[in-house]
Amino acid sequence: MAKPYRAASWRPPHLTRHEWFDAWDLAESVFLVCRHPDHWLITDFLTDHVACKREETPALFESDAYDLAMAIIVEERPKHEARLHARNAREAAWKRLERSRLPMSHPRAWRRSDVTAAIGHRRTQFAVGQGGFHVGELQPLGDDPSDWQCAMRANTNPAADFTYVYDCGSEPASLVRNSVRSFVRARAGKPIQMLFLSHLDRDHITGVPQLLDKRAGVAVDTIVLPYLDELDRIIAFSRSADTEGEASIERFHADMVLDPVATLNQFEPRQVILIPATDDEGLAGLLPTDPPFGRGDDFGWTTEALSGGGSPDVHSDAAGAIVLRRAEFALSLRGECHWRLRPYVRRAREEDRQAFMTATELLLGWPRGSFRDKTSSTEQRRVLVTRDCRSACKKDPLSGVIGV
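Residue numbering for the sequence shown follows our numbering, beginning at 870 and increasing consecutively.
Encoded structure:
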């Protein structure tokens, strides 16, 4: 096994530090003299250094330490030089790029003659600890980017033509409040076009009521979230069953688990879109409907099929939400597509779902195989997400199994 290329990185245990450094220094000098005989620095310095060593310590050339050091250097020195060469090349390339890069104030840095429009995409990940609050803003850029440059210095860009939010929550909920407040203040009453909720875990949705509050929040045109059945939603609830938060947040989380579409419709979005897993076949009985679309003065979006995926499946469920599969959102500026947002939902493993149902039946003392019957109605599911159930999860050692 090759040793690291530095004398100080590794030393044979049977040699003293002084013996190993002397052997390494001599072996490296001899190697460089043989490898680069015409280099001026080697000719003037290392050749004399090797000759002096040969006179002072001739036995060192015959020692095992010298042979070992030479073997390591012969193997590792070329790799070391290649890494140095690559690093120097990268640094030189960056320096050339910095010298050739135009300042943001220069119009040539923004104008592109071979495209019809330039789109600025600004993404902000707010620091909320455990959870997530991500904002993306799209804005057409013209010949004079001064307005966009000013917006880049702020936390958000209220002039952005298209704004989307990906998740809005934290654990505890207080960590996301200031970020939501600053975002809403910067929006100055301008709505957001899309809100994406990646899953229903509490630390990713606790800021939604504040964000979409009718009096102190912002309006939203479209909300997109995974298409989850009752079991998947209860599993999401169980992941935070051993923690407690504010009463309003607990109610909102329980309502999202029981009926996410009805809960989100309270904020009056124009449409709610549910994204099932690509291989989810449990959509029987849903009625076909028209593909969803987005409105906007400059930016709008339409629903298009995935590349090579055939036509999208668009249905409507009983609650009025749109169930969309095998599709993506094509963002268009003045009729020409410039950006695509492709939702993706990973299907939960069936063995994990079965393990959750079995653990819940054991925890709550239900008969084996009765989970589906026990949670068949909204009233029964509401009992399951009460504080009494939380207390049971805290006390029972199986509570760790439930959070699959």
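Built from N, CA and C at the ideal position, the CB exists for glycine as well.
- Residue burial annotation: Y1213 is exposed, with fewer than 16 other C-beta atoms found within 10 angstroms of its C-beta.
- W963 has its alpha-carbon roughly 38 Å from the corresponding atom of V919.
- Its chain contains F1002 and S1048 as the residues whose beta carbon lies nearer than 6 Å to that of F995, once the 5 sequence neighbours on both sides are disregarded; these appear in chain order.
- Counting C-beta pairs closer than 8 Å gives three or more between the segment 1039-1053 and the segment 1071-1084, which meets the contact rule.
- For S1043, the uninterrupted alpha helix (DSSP H) segment begins and ends at S1043 to R1056.
- With contacts defined by Cβ atoms closer than 8 Å, E1230 and F1240 form a contacting pair.
- Residue burial annotation: S1180 is exposed, with fewer than 16 other C-beta atoms found within 10 angstroms of its C-beta.
- Scanning its chain for C-beta atoms nearer than 7 Å, with the 5 sequence neighbours on each side dropped, one finds around P1145 the residues Y1096, L1152, V1192, R1194 and V1214, in chain order.
- H990 counts as exposed, since fewer than 16 other C-beta atoms from the protein chains shown sit within 10 angstroms of its C-beta.
- Relative to G1038, the option among D1186, A1199 and E1119 whose CA is nearest is E1119.
- For a cut-off of 8 Å, the C-beta gap from D1036 to L1066 is around 6 Å, short enough to register as a contact.
- In this chain, A1224 is not harboured by any beta strand (DSSP E); it is covered by the alpha helix (DSSP H) spanning E1219 to L1233.
- A direct Cα-Cα distance of roughly 13 Å separates G1204 from P1009.
- In the structure shown, the three-state DSSP call for I942 is helix.
- Between the alpha carbons of D1082 and R959 lies a distance of about 50 Å.
- At the C-beta level, E1137 and E1173 stay beyond 8 Å of one another.
- D1221 and T1227 have their C-alpha atoms spaced approximately 10 Å apart.
- DSSP links H1184 through a beta bridge to P1157 and V1192.
- Taking a C-beta distance under 8 Å as the contact criterion, A938 and A892 qualify as a contact pair.
- With a 10 Å radius around the Cβ and a threshold of 16 neighbouring Cβ atoms, P1161 comes out buried.
- A Cβ-Cβ distance of about 6 Å is found for the pair L1253 and T1244, placing them in contact under the 8 Å criterion.
- The shortest C-alpha to C-alpha distance from E1113 to any of R1071, T1091, W1208 and L895 is the one to R1071.
- Going by C-alpha positions, G1234 is about 14 Å away from F1225.
- Contact between A1199 and C1206 is confirmed by a C-beta separation of about 5 Å, below the 8 Å threshold.
- The straight-line gap separating the alpha-carbon atoms of P947 and A940 is approximately 12 Å.
- One thing to note: G1163 has its Cβ within 8 Å of the Cβ of Q1062.
- Non-local beta-carbon contacts of L1064 in its own chain, meaning distances under 6 Å to residues more than five positions away in sequence, involve V1034, V1089 and I1092 in chain order.
- Taking the Cα positions, S1246 is about 16 Å away from I1104.
- Of the other Cβ atoms in all chains shown, fewer than 16 fall within 10 Å of the Cβ of S1117; this residue is therefore exposed.
- Per DSSP, reduced to three states, the secondary structure at S1117 is helical.
- Apart from sequence neighbours up to five positions away, the residues of its chain that approach V899 with a beta-carbon distance below 8 Å are V919 and M939, ordered along the chain.
- In the DSSP assignment, V1214 falls outside any alpha helix (DSSP H), carrying neither H nor E.
- Between V1087 and L1080, the C-beta gap is smaller than 8 Å, which places the two residues in contact.
- The DSSP-derived three-state label of A996 is coil.
- DSSP places I1103 in the uninterrupted alpha helix (DSSP H) bounded by E1099 to S1107.
- With fewer than 16 other beta carbons inside 10 angstroms of its own, R992 counts as exposed.
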